[in-house]
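A short write-up of the structure that comes next.
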Amino acid sequence: MTEVPKARKPVRGRFITFEGGEGSGKSTQIQMLAERLNAAKLRTITTREPGGSAGAEIVRHLLLSGMGKMFGPETESLLFAAARDDHVAQVIVPALDQGTWVLCDRFTDSTRVYQGELGKVDPKLIRAMERVTIGDLKPDLTIILDVPVAIGMERAMKRRGAALPDRFEGESGDFHEKLREAYRRIAENDPQRCALVDANADPKTVAERVWKALRDHLFSVAATRETAKA
Ligand code: TMP
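This is the structure we're talking about:
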């Protein structure tokens, strides 16, 4: 009897999120990492939040123009969640299911920090929204780019040119200091998922640090799996 080859389960892609304050260099680093992964023949896409899908980009415009602010932080959170729900269903999950690596500029930690820690939205509401929008979809790795507030603000100002600051860039220096502290706490409390990367250097140096964090993380995950199998 000829043996029928077993259908191979498709390998799920890796889900890597980037977080950090304004001007921490997320977009540059995501681009650089995507190029490196694609060069290593790992199919990779880049995306962002809020946004990343047609529906979510409409909500992005509403949120970053500051129109959402008048409804208060709870409603703003619901708008971020609505955008995430569409993005996850339309872009992230289908890509991961096809084995594609997904690099996402901001994800649930942004809501935890901006709306939760700074906007004082009840953590129960934040958790409930996560259950509805992402379910079990946890990032395989979250890179948190850490940069002193003054440097981040200067970079953001240069990038903006003559344009006005958006809804969150326009907040006070104190807001951005608290933001940085909140991100550092997330990294400290969840070292399995998060890597805090010093982003106060030129893009190439930071890219090497990001690459090292990725390799260290993937090796430690692979080693844990091997130990569990033994
Ligand atoms: P950015 O694309 O320039 O990072 O701008 C997105 C802004 O939206 C940034 O200031 C952080 C904010 N934001 C939240 O407040 N909550 C969220 O859940 C997300 C994804 C972003």
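Just so you know, our numbering puts the end of the sequence shown at 251, numbered straight through with nothing missing. Yeah, the Cβ is synthetic: ideal placement off N, Cα and C, and Gly gets one too.
Assigned secondary structure, residue i (DSSP; H/G/I helix, E/B strand, else coil)
i	result
alanine 216	strand
arginine 69	strand
glycine 156	coil
aspartate 126	strand
leucine 63	coil
Beta-carbon proximity list for residue i, same chain, < 6 Å, skipping 5 on both sides
i	result
threonine 129	Glu151
Burial state of residue i, where buried means 16 or more other Cβ atoms lie within 10 Å
i	result
phenylalanine 39	buried
glutamine 119	exposed
serine 45	buried
aspartate 107	buried
glycine 173	buried
serine 131	buried
valine 168	buried
Cβ-based neighbour list, residue i, same chain, cut-off 7 Å, excluding 5 preceding and 5 following
i	result
leucine 58	Thr65 and Trp122
leucine 117	Arg33, Gly34, Phe36 and Val123
alanine 103	Val80
heavy atom of the ligand TMP below 6 Å from residue i C-beta
i	result
arginine 181	no
threonine 132	yes
tyrosine 135	yes
proline 71	yes
phenylalanine 189	yes
arginine 127	yes
phenylalanine 92	no
phenylalanine 101	yes
Whole-number beta carbon distance between residue j and residue i, since they are thought to touch under 8 Å
i	j	result
histidine 238	leucine 162	5 Å
glycine 89	glutamate 78	Contact flag wrong, Cβ pair sits at about 15 Å.
valine 227	glutamine 50	6 Å
valine 231	isoleucine 164	6 Å
glycine 42	arginine 214	In fact, because the Cβ distance is near 19 Å, the residues do not count as touching under 8 Å.
Cβ-based neighbour list, residue i, same chain, cut-off 8 Å, excluding 5 preceding and 5 following
i	result
glutamate 175	Gly44
isoleucine 113	Phe36, Thr68, Gly73, Val123, Cys125 and Leu158
glutamate 198	Val170
leucine 83	Gly89 and Leu100
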